[in-house]
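Peer 1:
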Amino acid sequence: MAKTVPEKKKNIEKLRHEVLKLHSFDHPRMILVSVPLNKKNWIAWSRFMQIALGAKSKLGFIDGSCVKPVTTGEE
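Residue numbering for the sequence shown follows full-length UniProt numbering, beginning at 1 and increasing consecutively.
#1: Quick check: the Cα distance between Lys56 and Asn41, rounded to an integer number of angstroms?
#2: Considering only residues of the same chain and omitting the five flanking positions on each side of Ile62, which have a CB-CB separation below 7 Å?
#3: Specify the secondary structure class of Ser46 as computed by DSSP and reduced to three states.
#4: Select from Trp45, Cys66, Leu20, Lys21 the residue whose C-alpha is nearest the C-alpha of Ile31.
What follows is the structure, encoded as structure tokens:
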């Protein structure tokens with residue numbers, strides 16, 4: 001059976017909330033890519049970083065697919 005529009009909207013909002021959620025293991029000193037970036041390895045390093053951020057559902061912050069939520073003033 002097809003999902004109704006409100007049900008789809010709920011699922012989208014739930015997914016957006018999960019993307020914005022920070023877990024206890026997400027911290028600034030965490031090493032996502034073990035190879036340091038230098039002048040010679042940009043392509044490989046960027047691909048490794050995309051894979052690491054994608055695995056954590058954070059790639060949208062870099063590629064622009066995760067947009068800032070619109071505030072409605074009800075919060």
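Just so it is clear, CB atoms sit at the ideal spot from N, CA and C, and this is done for glycine as well.
Peer 2: Reading it off the structure:
#1: For Lys56 and Asn41, the gap between their C-alpha atoms comes out near 23 Å.
#2: Excluding the 5 residues flanking it on each side, Ile62 has same chain C-beta neighbours closer than 7 Å at Leu53, in chain order.
#3: In the three-state DSSP reduction, Ser46 falls in the helix class (H, G or I).
#4: The residue with the shortest Cα to Cα distance from Ile31 is Trp45.
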